[in-house]
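**Q**
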Amino acid sequence: MKKFAVILGLMIWGGLLIYIADDFPGWGDPQAPASVNLSPYYIEQSIPDTDVPNVVTSILADYRGFDTMFETAVIFTAGLACLFLLRSYSTKEPDVYLYRHTATGVILRIEKGGTIPVGSADFERIDATWVPHDLIIKTTCRLILPFVFIFALYVIAHGHHSPGGGFQGGVILGAATIIFAISYNLRTATRNITERFAAFFSAAGVLLYASTGVLCMFFGGNFLDYGALAPLFGTTIAGARSLGILIVEIGVGMSVMAVMSSIYYNISSNGRLNEGL
Amino acid sequence: MIDIITSILLFLGLFFFLGGSIGIIRFPDFYSRLHPAGKLDSMGVLLSLCALALYTVKSLTMGNFLTAAKIIFIVSFVFITSPTATHAIIDAGMRAGLKHWNKNNNQDKKEEKP
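Sequence lines, in order, name chains W and R.
Those letters in the first sequence? Residues 1 to 277, per this note's numbering, in order.
Those letters in the second sequence? Residues 278 to 391, per this note's numbering, in order.
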């Protein structure tokens with residue numbers, strides 16, 4: 001009986017939703033309310049206003065810059081939440097240390113009380129759940145990573161003209177960090193892109209975004225009105241808005257990249273950041 | 278002339294895609310299925326994207342040439358990374374202790390035994 005009532009209720013609600021869907025404007029209808037009021041302004045005025053051919057970027061970072069600033073803040077908050085929930089600072093020493101002699105590949109197992117070759121260039125510490133020395137994957141990653149980084153920077157900087165922007169480029173940068181951490185190990189990754197660096201950059205990205213907005217207020221405009229920065233950059237108002245979008249996108253990219261790495265570090269090692277994938 | 282070469286390359290690439298798709302379904306276990314999957318990614322993508330690059334430079338301008346160069350970059354990166362990914366997956370499978378298929382530990386037969 002209960003099951004029947006649930007099914008009946010679902011059918012009534014589903015029928016209502018389908019009935020309402022009939023009243024929606026057609027797909028891509030030029031007379032639809034969404035495309036008669038504001039959209040034509042964006043499409044026609046994007047280049048005269050902001051010098052940016054990609055309308056999506058100009059809406060995202062200029063016309064609705066306030067919204068995007070808080071999106072970046074949401075990402076920063078997510079990174080912070082992950083850090084607070086997962087990071088544990090317990091310094092429990094492991095019972096067994098594993099070290100690899102880099103020249104020969106011999107693994108040393110050092111029990112408690114043994115001499116640990118700290119700081120020696122010949123030995124490299126490896127995880128307790130150690131993975132064999134995989135030359136193929138490491139070499140490929142070393143080959144690919146520079147191109148990935150360049151492509152990510154291209155995506156950030158070229159968001160004005162092609163699909164892309166701070167979020168996408170930042171995610172590619174973060175993915176590059178994750179690939180590096182997977183192909184080598186977490187210890188090598190945290191030595192190159194440290195936790196401190198990640199935490200600093202995730203805050204600095206949001207700060208760069210917000211301080212650009214505040215700088216506009218110093219030059220007499222509204223918050224995030226990049227056109228006010230024209231005397232600072234020595235360009236027209238449209239050119240200043242274009243440059244302002246670029247600065248903001250760089251901030252977003254920094255924040256996203258740092259948060260991605262930070263979340264990966266914490267999740268893959270249960271917040272201890274010593275061993276992991 | 279370029280049209281003919283392009284279509285031949287495209288058909289060859291599609292042939293590899295077809296063979297790879299059939300292989301993924303038909304092969305008996307994890308390891309042998311990854312073999313056609315890797316072929317599909319490297320050879321199929323290589324041939325069909327080369328065909329696209331060739332088709333783009335049919336009328337040779339700077340823009341078309343740059344587009345073709347980008348496609349060739351994609352081809353080279355896929356050509357390097359796809360076999361590495363297959364290698365890494367198989368490596369993970371071996372380390373996780375997945376047994377490879379042979380006539381004696383065939384899954385279907387095992388179900389019949391008891």
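The beta carbon of each residue, even a glycine, is placed where N, CA and C say it ideally should be.
Leaving out the 5 sequence neighbours to the left and right, which residues in its chain are closer than 7 angstroms to Thr236/W when beta-carbon positions are compared?
**A** Ala230
**Q** With a cut-off of 7 angstroms, does the C-beta of His377/R fall near any C-beta of chain W?
**A** no
**Q** Could you please tell me which residues of the stretch 114-144 of chain W, in chain order, have their CB closer than 9 angstroms to any CB of chain R?
**A** Val131, Pro132, Asp134, Ile136, Ile137, Thr139, Thr140, Cys141, Leu143, Ile144
**Q** In angstroms, rounded to a whole number, what distance separates the CA positions of Val55/W and Ser162/W?
**A** 10 angstroms
**Q** By the 10 Å Cβ neighbour count, where 16 or more other Cβ atoms means buried, how is Arg303/R classified, buried or exposed?
**A** Of the other Cβ atoms in all chains shown, fewer than 16 fall within 10 Å of the Cβ of Arg303/R; this residue is therefore exposed.
**Q** Do we get a CB-CB distance below 7 angstroms when we pair Asn270/W with the residues of chain R?
**A** Interface with chain R (7 angstroms Cβ-Cβ cutoff): Asn270/W is excluded.
**Q** How long is the line joining the alpha carbons of Phe4/W and Met11/W, rounded to whole angstroms?
**A** So the two alpha carbons sit approximately 10 angstroms from each other.
**Q** Contact criterion: CB-CB distance below 7 angstroms. Does Ala365/R meet it with respect to chain W?
**A** yes
**Q** Could you name the residues of the same chain whose beta carbon sits closer than 6 angstroms to that of Thr333/R, not counting the 5 residues immediately before and after it, in chain order?
**A** Asn341, Thr344, Ala345
**Q** Applying the 10 Å Cβ sphere with the 16-neighbour rule, what's the burial state of Lys387/R?
**A** Low confidence applies here, because Lys387/R scores a pLDDT of 49, under 50, leaving its location unreliable; read the following figure in that light. The residue in question, Lys387/R, is exposed, as its Cβ has fewer than 16 Cβ neighbours within 10 Å.
**Q** Just reading off the beta strand (DSSP E) that Phe353/W is part of, what are its end residues?
**A** One cannot answer for residue 353/W here, as it falls past the ends of chain W, which runs 1 to 277.
**Q** Going by CA-CA distance only, name the one from Pro94/W, Asp122/W, Ser120/W that's closest to Gly113/W.
**A** Pro94/W
**Q** Mark Thr104/W as exposed unless 16 or more other C-beta atoms lie within 10 angstroms of its C-beta, in which case mark it buried.
**A** Label assigned to Thr104/W: exposed.
**Q** For the beta strand (DSSP E) that Leu98/W lies in, which residues bound it at each end?
**A** 97-101
**Q** Could you list the residues in the stretch 340-358 of chain R with a C-beta less than 9 angstroms from some C-beta on chain W, going in chain order?
**A** Phe350, Phe354, Ile357, Thr358
**Q** Measuring straight from C-alpha to C-alpha, what distance separates Ser262/W and Ala199/W?
**A** 7 angstroms
**Q** Quick check on Leu108/W: does DSSP put it in helix, strand or coil?
**A** strand
**Q** Quick check: the Cα distance between Gly79/W and Asp368/R, rounded to an integer number of angstroms?
**A** If you take the alpha carbons of Gly79/W and Asp368/R, they lie about 32 angstroms apart.
**Q** When you compare each of Glu124/W, Thr50/W, Leu215/W, Phe84/W to His101/W by their alpha carbons, which one comes out closest?
**A** Glu124/W
**Q** Cβ of Thr333/R less than 7 angstroms from any chain W Cβ?
**A** no
**Q** Which word fits Asp225/W, buried or exposed, when buried means at least 16 other C-beta atoms lie within 10 angstroms of its C-beta?
**A** Around the beta carbon of Asp225/W, a 10 Å sphere encloses 16 or more other beta carbons of the protein chains shown; the residue is thus reported as buried.
**Q** Would you decide whether Lys390/R is buried or exposed? Buried here means 16 or more other CB atoms lie within 10 Å of its CB.
**A** With a pLDDT of 45 at Lys390/R, under the threshold of 50, the modelled position of this residue cannot be trusted; read the value that follows with caution. By the neighbour-count rule (16 or more Cβ atoms within 10 Å), Lys390/R is not buried but exposed.
**Q** Nearest chain W C-beta to Thr361/R closer than 7 angstroms, yes or no?
**A** yes
**Q** Of the residues Cys327/R, Asp318/R, Ile279/R, which one's Cα is nearest the Cα of Leu295/R?
**A** Check the Cα spacing between Leu295/R and each of Cys327/R, Asp318/R, Ile279/R: the tightest is with Asp318/R.
**Q** Please name the residue in Ile137/W, Asp127/W, Tyr99/W, Arg109/W whose C-alpha comes closest to that of Gly119/W.
**A** The candidate whose alpha carbon is nearest that of Gly119/W is Tyr99/W.
**Q** For Lys276/R, which of Pro305/R, Phe356/R, Leu329/R has the nearest alpha-carbon?
**A** Any answer about residue 276/R is impossible in this case: the structure gives chain R only from 278 up to 391.
**Q** Taking the alpha carbon of Cys327/R as the reference point, which residue from Phe307/R, Ser353/R, Pro313/R has its own alpha carbon closest?
**A** Cys327/R has its Cα closest to that of Ser353/R, out of Phe307/R, Ser353/R, Pro313/R.
**Q** From Phe149/W to Ile178/W, what distance separates their C-alpha atoms?
**A** 12 angstroms
**Q** If you follow the alpha helix (DSSP H) that Phe24/W is in, where does it begin and where does it stop?
**A** No alpha helix (DSSP H) holds Phe24/W; DSSP gives it neither H nor E.
**Q** Is Gly169/W near Gly253/W, with beta carbons less than 7 angstroms apart?
**A** yes
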